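Protein chains in written order, with the numbering used here: chain A, 160 to 380; chain F, 160 to 380; chain Z, 160 to 380; chain E, 160 to 380.
There are 4 protein chains.
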Amino acid sequence: MSRWNNALQTSAEIQKLKRDAVLREAGRAFSERGYHSTSLDDVAKALGVSKGTLYNYVKDKQEILWEFHRLAGEIAEDSFSSARAQGGSGAEMLRNTLKHFIYGLTQELGACRVLMEFNALRPEDRLKASKLRDAFEQAYVELIELGIADGSLRAVDPKLAIFTFMGAINWVPRWYSPSGRLTPEYIAETMTDLLLRGLVRKPAAPGRRAAARKQAVKDRR
Amino acid sequence: MSRWNNALQTSAEIQKLKRDAVLREAGRAFSERGYHSTSLDDVAKALGVSKGTLYNYVKDKQEILWEFHRLAGEIAEDSFSSARAQGGSGAEMLRNTLKHFIYGLTQELGACRVLMEFNALRPEDRLKASKLRDAFEQAYVELIELGIADGSLRAVDPKLAIFTFMGAINWVPRWYSPSGRLTPEYIAETMTDLLLRGLVRKPAAPGRRAAARKQAVKDRR
Amino acid sequence: MSRWNNALQTSAEIQKLKRDAVLREAGRAFSERGYHSTSLDDVAKALGVSKGTLYNYVKDKQEILWEFHRLAGEIAEDSFSSARAQGGSGAEMLRNTLKHFIYGLTQELGACRVLMEFNALRPEDRLKASKLRDAFEQAYVELIELGIADGSLRAVDPKLAIFTFMGAINWVPRWYSPSGRLTPEYIAETMTDLLLRGLVRKPAAPGRRAAARKQAVKDRR
Amino acid sequence: MSRWNNALQTSAEIQKLKRDAVLREAGRAFSERGYHSTSLDDVAKALGVSKGTLYNYVKDKQEILWEFHRLAGEIAEDSFSSARAQGGSGAEMLRNTLKHFIYGLTQELGACRVLMEFNALRPEDRLKASKLRDAFEQAYVELIELGIADGSLRAVDPKLAIFTFMGAINWVPRWYSPSGRLTPEYIAETMTDLLLRGLVRKPAAPGRRAAARKQAVKDRR
DNA sequence: AATGAATGAGGGTTCATTCAT
DNA sequence: TATGAATGAACCCTCATTCAT
């Protein structure tokens, strides 16, 4: 039906591809040198186009930043909905959520340390990002309270636990490198385990841990 | 012997006080709005002086940023040396170090989320900060390996454990507020406990934890 | 073949024309009010563009200054190579060199008194300019020594002679005005004659001098 | 009559000594790094006093600059009046004037390349300096015309001759160093000779030149 | 007379953004 | 759609000058 075996994309598709390229390169550069130390000229040069061209694909520099926060929000949302779908005790749901979230951030956002740039968001986006974050923190808190209630978690200060988790997770982009020794799967599994051990009433079943470790070792290569 | 009960300070002392005021206000503003979004005019205005005056106390804007990184380095150093002085098993030393470090950051650096601004450091300072951080990470890794060797810690990937800890700790400035509910002592104690439970072979003795909790509750007020 | 009789220039040519306009206007302003007393705003305003636009054509203010020193260096180089190509006694080569140099400075650099601003050069350029100047002084010294050796020049202190010549020449931009009575040709011819009479063993042959004078008179108009 | 063998100076004398010290150091620094690249802080530091103190001795930075131009004007005036007092042909008076002037500039103003900073003078001083310079140039022109009239000088363009002389002379501060090989006496004698040979109808008497050279050799040590 | 802290004007430079081609 | 030239708003930093002590 379509010519060229669909290799020719619609102009809308091409537009999106180009926009993604802009975002990807910007994310890379922002992560490497920081948002403020990266000029759009740098991004354009890296893409081999002129600066003005970028404005065909993004409204302005701040929009690029917002895209990453938006994406992070989506990943967080996914992590919750998939964990809820799987069900289980509070501890189990918490574990699934964290694992999913860490994996998603690492896998999809790559080295996007951009998420730390918060003040550079335009006020309205900053507000949205704040609300998103608050909502997720609250969802986490509820998950922890649920775990405490069903006996799967120790009675801890949920707020502080969440802050601790979020810190560990948000720091990942600072040291994660796609080309490094640690794979997203290994990181997600091991870090989740590390974090949750401080919280669960009984440590995860030995069998499970062993399996996870084996997987990680396989991934590591 | 001295009049005014020494309330009258030498000019060198006054100079230092003023410099401290500059640093404090700058740190506050940087934490609030970010390093790049804060102009020295803002800082000066907040202090009720003119911009030029600031330059009597700091060399330039980047020096201010470096001061905070330098201070963080000192706190880290202290945390290690005091823990080493106290001695104990690898797990105990690790606990002491973390507690000291978290407490120091929270107490002395206040809300200094400035530590996240890394790219804004001048190249030479960035290098120094990098080296400092690497050295401390290495020292932590060695502590963990010691703990694993003496049986006080589980056999975990030391690098990943440290990254997790550092993330949690470095995130503190993002949510800590001196006027908030959580005191530095409580944070240091509880977060250390949370993080270490993922690592220690046997949980800390109940008595110890209970005491810590009691202390924290007292502090909370 | 080409339309508009090639009056339509390529964008690279336009670019160069604009850059030249910037340099010319800057040189004019610097000569008039001095390098430090001329802001780039002044230059931009005189060109009817905004200050930022200038940075499309020059890297910074100091680069403008350097351009003039570089150009002066080229003129000096030309003056030597063309004189060497013509050959003759030491006195003759010295005469040709000086004449060419004075003419070049006056004609091509116009009223560029900018050459006196030496301390404003960036250190690396100052070094380059120093080396250039030293090299040319040395070349002049050797020319004089050659002239002394071949008997065409009196035995004078070559250094002091060169300093004297250079002073007279470098002063030209201070009083030369393209719209004034004295033409570049006249200045070059007459000043060279004046300076060399202090040096040559025998005054130039009367015929030659007469011819030169006649030429100058013709030029003066 | 006076105690302390007059070693104790009146306060007015002390004041003048200090002012001279300020001017001397400023002149030194200005010559070395240029007027604009030298801050009053530099000058004060070199003198071991605070910046504010300088303002007890000079009105402002521009006054310092003017002092040097004023002094140069005085030296020029002296050179004329002493030459006129000695009398002689136009050529002889011109020679005496130039010699005196070069010697004075070198001897009294030392390495004061400051005289090149003209645009930094305050407008009123710039005007005064201009008038001074014009007056001296005119006086020189008249001297040359006198020499042409009395047959002691060739018929040259007086303006251009003067410009040439002034250039050579004003350049002296650029290369003269009090600690260098060339003494003020030698410079004054030799440069005057060099310059005048281009102008005089008959070269200076051999005996005279020989004497001058002998003196210079003695000075050179 | 000396200090040194404070000031405030001014200039160089960067860069996100716009727009005509 | 792509270009690249132009813009103008910021902002850092310097430094001559003033002034209270």
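We treat Cβ as the ideally placed atom computed from N, Cα and C, and that holds for glycine.
Treat the numbers as computed from the prediction; the structure is a model and nothing was measured.
Closer than 8 Å, CB to CB, is residue i near chain E or not?
i: Z:Phe-295; result: no
i: Z:Trp-334; result: yes
i: Z:Arg-356; result: yes
i: Z:Ser-238; result: no
i: Z:Leu-353; result: yes
Judging by CA-CA distance, which residue of the options is the nearest neighbour of residue i?
i: E:Arg-183; options: E:Gln-168, E:Leu-268, E:Glu-304; result: E:Leu-268
i: E:Leu-213; options: E:Phe-227, E:Asp-179, E:Gly-193; result: E:Asp-179
i: E:Pro-317; options: E:Arg-272, E:Gly-249, E:Lys-258, E:Pro-282; result: E:Gly-249
i: E:Asp-237; options: E:Leu-257, E:Gly-247, E:Lys-287, E:Gln-168; result: E:Leu-257
i: E:Leu-264; options: E:Glu-344, E:Lys-218, E:Arg-313, E:Val-208; result: E:Glu-344
i: Z:Ala-288; options: Z:Ala-235, Z:Leu-302, Z:Arg-340; result: Z:Ala-235
i: Z:Arg-187; options: Z:Val-202, Z:Thr-349, Z:Asp-219, Z:Asp-284; result: Z:Val-202
i: E:Gly-246; options: E:Lys-210, E:Leu-199, E:Leu-302, E:Gln-266; result: E:Leu-302
i: Z:Lys-218; options: Z:Ala-294, Z:Thr-169, Z:Leu-199, Z:Arg-292; result: Z:Leu-199
i: E:Ser-209; options: E:Gln-221, E:Val-181, E:Met-350; result: E:Val-181
i: A:Glu-222; options: A:Ala-294, A:Gly-211, A:Asp-284; result: A:Asp-284
i: Z:Asp-309; options: Z:Gln-266, Z:Glu-251, Z:Leu-353, Z:Ala-294; result: Z:Glu-251
With 8 Å set as the bound, which would you pick, yes or no: does the beta-carbon of residue i sit closer than that to a beta-carbon of chain F?
i: A:Leu-199; result: no
i: A:His-228; result: no
i: A:Arg-360; result: no
i: A:Asn-278; result: yes
i: A:Ser-170; result: no
i: A:Leu-291; result: no
Does the distance from the C-beta atom of residue i to that of residue j stay below 8 Å?
i: A:Asn-329; j: A:Leu-253; result: no
i: F:Tyr-216; j: F:Ala-347; result: no
i: Z:His-195; j: Z:Leu-280; result: no
i: F:Arg-419; j: A:Asn-255; result: This structure gives no information on residue 419 of chain F, because the portion of chain F shown stretches from 160 to 380.
i: E:Arg-315; j: E:Leu-358; result: The displayed chain sequence assigns Val, not Arg, to residue 315 of chain E. In contact: E:Val-315 and E:Leu-358 (Cβ atoms closer than 8 Å).
i: Z:Glu-276; j: Z:Leu-224; result: yes
i: F:Phe-322; j: A:Trp-334; result: yes
i: F:Ala-383; j: F:His-259; result: Only positions 160 to 380 of chain F appear in the structure, and residue 383 of chain F is not among them; the question remains open.
i: A:Gly-326; j: F:Ala-327; result: yes
i: Z:Arg-360; j: Z:Leu-312; result: yes
i: E:Ala-320; j: E:Phe-239; result: no
For residue i, which of helix, strand or coil comes out of DSSP?
i: A:Val-359; result: strand
i: E:Leu-199; result: helix
i: E:Leu-382; result: Only positions 160 to 380 of chain E appear in the structure, and residue 382 of chain E is not among them; the question remains open.
i: A:Leu-341; result: coil
i: E:Leu-280; result: coil
i: F:Arg-367; result: Residue confidence is low: F:Arg-367 scores 46 on pLDDT, short of 50, so the model does not pin down where it sits. No coordinate-derived value is stated.
Could you pull the start and end residues of the alpha helix (DSSP H) that residue i belongs to?
i: F:Arg-192; result: 170 to 192
i: E:Tyr-262; result: 249 to 268
i: Z:Val-217; result: Unbroken run through Z:Val-217: none, as it is neither H nor E.
i: F:Ala-320; result: 317 to 334
i: Z:Leu-213; result: 210 to 213
If you measure from the beta carbon of residue i to each beta carbon in chain A, is any gap under 8 Å?
i: F:Arg-192; result: yes
i: F:Gly-326; result: yes
i: F:Met-252; result: no
i: F:Asp-316; result: yes
i: F:Thr-323; result: yes
i: F:Ile-223; result: no
Are the C-beta of residue i and some C-beta of chain Z separated by less than 8 Å?
i: E:Trp-330; result: yes
i: E:Ile-303; result: no
i: E:Phe-260; result: no
i: E:Ala-235; result: no
i: E:Ala-288; result: no
Below 7 Å, is the gap between the Cβ of residue i and the nearest heavy atom of the ligand GTP?
i: Z:Lys-218; result: Summarising the ligand content, the structure contains no ligands, and the ligand GTP is consequently not present.
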